[in-house]
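Student:
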Amino acid sequence: NAGVTQTPKFQVLKTGQSMTLQCAQDMNHNSMYWYRQDPGMGLRLIYYSASEGTTDKGEVPNGYNVSRLNKREFSLRLESAAPSQTSVYFCASSEAIWQLTDTQYFGPGTRLTVL
Amino acid sequence: DQQVKQNSPSLSVQEGRISILNCDYTNSMFDYFLWYKKYPAEGPTFLISISSIKDKNEDGRFTVFLNKSAKHLSLHIVPSQPGDSAVYFCAARITSGSRLTFGEGTQLTVNP
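In order, the protein sequences belong to chains A and B. Anchor point for the first sequence: position 76 equals 76 in the numbering used here, and the numbering is continuous, going up by one each time. All you need for the numbering used here is the position in the second sequence, starting with 1, plus 1000.
1) Please confirm if leucine 1074 of chain B has its CB atom under 8 angstroms from at least one CB of chain A.
2) Going by DSSP, name the residue or residues bridged to glutamate 59 of chain A.
3) Starting from methionine 41 of chain A, find everything on chain B with Cβ-Cβ shorter than 8 angstroms and list it in chain order.
4) I want to verify the contact list: residues of chain B whose CB lies under 8 angstroms from the CB of tyrosine 48 of chain A, in sequence order.
5) Since asparagine 65 of chain A is in the beta strand (DSSP E), which residue starts that stretch and which ends it?
6) Short check: CB of glycine 63 of chain A to CB of leucine 76 of chain A, under 8 angstroms?
7) Please confirm whether phenylalanine 106 of chain A has its beta-carbon closer than 8 angstroms to some beta-carbon of chain B.
8) Mind listing which residues of the segment 1033–1046 of chain B have their C-beta closer than 9 angstroms to chain A's C-betas, in chain order?
9) Just the C-alpha distance for threonine 1045 of chain B and proline 1079 of chain B, rounded to the nearest angstrom, thanks.
10) Looking only at its chain, what residues have a beta carbon closer than 7 angstroms to the beta carbon of valine 114 of chain A, apart from the 5 residues adjacent to it on each side?
11) Tell me, please, which residues DSSP counts as bridged to serine 1080 of chain B.
12) With burial defined as no fewer than 16 other Cβ atoms inside 10 Å of the residue's Cβ, what is the status of glycine 109 of chain A: buried or exposed?
13) Measuring straight from C-alpha to C-alpha, what distance separates lysine 57 of chain A and tyrosine 35 of chain A?
14) What are the residues in the segment 1051–1084 of chain B lying within 9 angstroms of chain A by C-beta distance?
15) Since alanine 24 of chain A and arginine 68 of chain A should fall inside the 8 angstroms C-beta cutoff, what is the C-beta to C-beta distance between them, to a whole number of angstroms?
16) Cα separation between alanine 1041 of chain B and methionine 32 of chain A?
17) So glutamine 1006 of chain B and asparagine 1022 of chain B are supposed to be a Cβ contact under 8 angstroms. How far apart are they, rounded?
18) Since phenylalanine 1089 of chain B meets chain A, which of its residues come closer than 9 angstroms, beta carbon to beta carbon?
19) Is the closest heavy atom of the ligand PLP to the C-beta of glutamate 1058 of chain B under 7 angstroms?
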């Protein structure tokens, strides 16, 4: 039982390049999330998927797109990377966002640098 | 607009003593609160939570206190251990179906 896995662990991009961050969970969770963590700013939600087939914007969605490929997988795409997107990206999953006591489980993160 | 704030970026305590991490929030509609712990190069892990209908929740060495009138949340760790050294995030949710709002985090260092 691996929990939430993310690939890659590290990535360096040049400005304007594109890439996709992959996330998968094996806990049969309905809801999945993408966050970014920047120094002094905590975790900010980029996009989330309450259930398979749905996606919604979070707090900081500009410059990103997501795909909920199936119940297990939720990918984050940067179409044209910018230096402001240098950050650590975390994927998370939870049983069901509609439950008040819902708890999110996080992956190990992807450290992205955009030059 | 930072609705959940952790005003202390860092806290240093001696092993065996109490660690108190604080969190303030501005939105009185928050009704569920969580604490997460994060080690370097790892994702955050859930630690403890509390519903707004309670004012205290305990789990072993960890206790969370909620003061709704003051819009204040605190996490007590007793006794503190070196392995508790990590960044601690508080988070809050308004209603079921809504996303979590996280604070900025507090770096706790427990010195042997």
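All C-beta atoms, glycine included, are put in the ideal place defined by N, C-alpha and C. Everything numeric in this text was worked out from a predicted model, so none of it was measured.
Tutor: Reading it off the structure:
1) As a position in the second sequence, residue 1074 of chain B is number 74, starting the count at 1. Just to set this straight, residue 1074 of chain B is serine in the shown sequence, not leucine. Not closer than 8 angstroms to any Cβ of chain A, the Cβ of serine 1074 of chain B fails to qualify, so no.
2) Your numbering for residue 59 of chain A matches position 59 in the first sequence. Its beta-bridge partners do not exist; DSSP assigns none.
3) Taking the first residue of the first sequence as position 1, residue 41 of chain A is located at position 41. Those are Glu1104, listed as they occur along chain B.
4) As a position in the first sequence, residue 48 of chain A is number 48, starting the count at 1. Arg1099, listed in chain order.
5) Locating residue 65 of chain A in the first sequence gives position 65, where the first residue counts as 1. Here the beta strand (DSSP E) through asparagine 65 of chain A covers 64–68.
6) Along the first sequence, read from residue 1 onward, the residue named residue 63 of chain A stands at position 63. Along the first sequence, read from residue 1 onward, the residue named residue 76 of chain A stands at position 76. Not closer than 8 angstroms, so no.
7) Taking the first residue of the first sequence as position 1, residue 106 of chain A is located at position 106. Yes, phenylalanine 106 of chain A counts as interfacial toward chain B.
8) Leu1034, Tyr1036, Lys1038, Ala1041, Glu1042, Gly1043, Pro1044, Thr1045 and Phe1046
9) Counting from one through the second sequence, the residue named residue 1045 of chain B turns up at place 45. Counting from one through the second sequence, the residue named residue 1079 of chain B turns up at place 79. Each residue's alpha carbon lies about 20 angstroms from the other.
10) By 1-based counting over the first sequence, the position of residue 114 of chain A is 114. Counting only Cβ-Cβ distances below 7 angstroms, and skipping sequence neighbours, we find Leu13, Thr15, Ala81, Ala82, Pro83, Gln85 and Thr86.
11) For the purposes of this step, residue 1080 of chain B is taken as the residue at position 80 of the second sequence. Answer by DSSP bridge pairing: none, since serine 1080 of chain B is not bridged.
12) Here residue 109 of chain A refers to the residue found at position 109 when the first sequence is read from its first residue. Under this definition glycine 109 of chain A is a buried residue.
13) Position 57 of the first sequence, counted from the first residue, corresponds to residue 57 of chain A. Position 35 of the first sequence, counted from the first residue, corresponds to residue 35 of chain A. Going from the Cα of lysine 57 of chain A to the Cα of tyrosine 35 of chain A covers about 11 angstroms.
14) Ser1051
15) Counted from its first residue, the first sequence places residue 24 of chain A at position 24. Counted from its first residue, the first sequence places residue 68 of chain A at position 68. Not a contact, Cβ separation roughly 12 angstroms.
16) The residue labelled residue 1041 of chain B in the question sits at position 41 within the second sequence. The residue labelled residue 32 of chain A in the question sits at position 32 within the first sequence. Looking at the two C-alpha atoms, the distance is approximately 21 angstroms.
17) Along the second sequence, one-based indexing puts residue 1006 of chain B at 6. Along the second sequence, one-based indexing puts residue 1022 of chain B at 22. Rounded, the Cβ-Cβ distance is 7 angstroms, consistent with contact.
18) Here the question's residue 1089 of chain B lines up with position 89 in the second sequence. Per Cβ cutoff of 9 angstroms: Gly42 and Leu43.
19) With respect to the ligand PLP, the structure offers nothing, as it holds no ligand at all.
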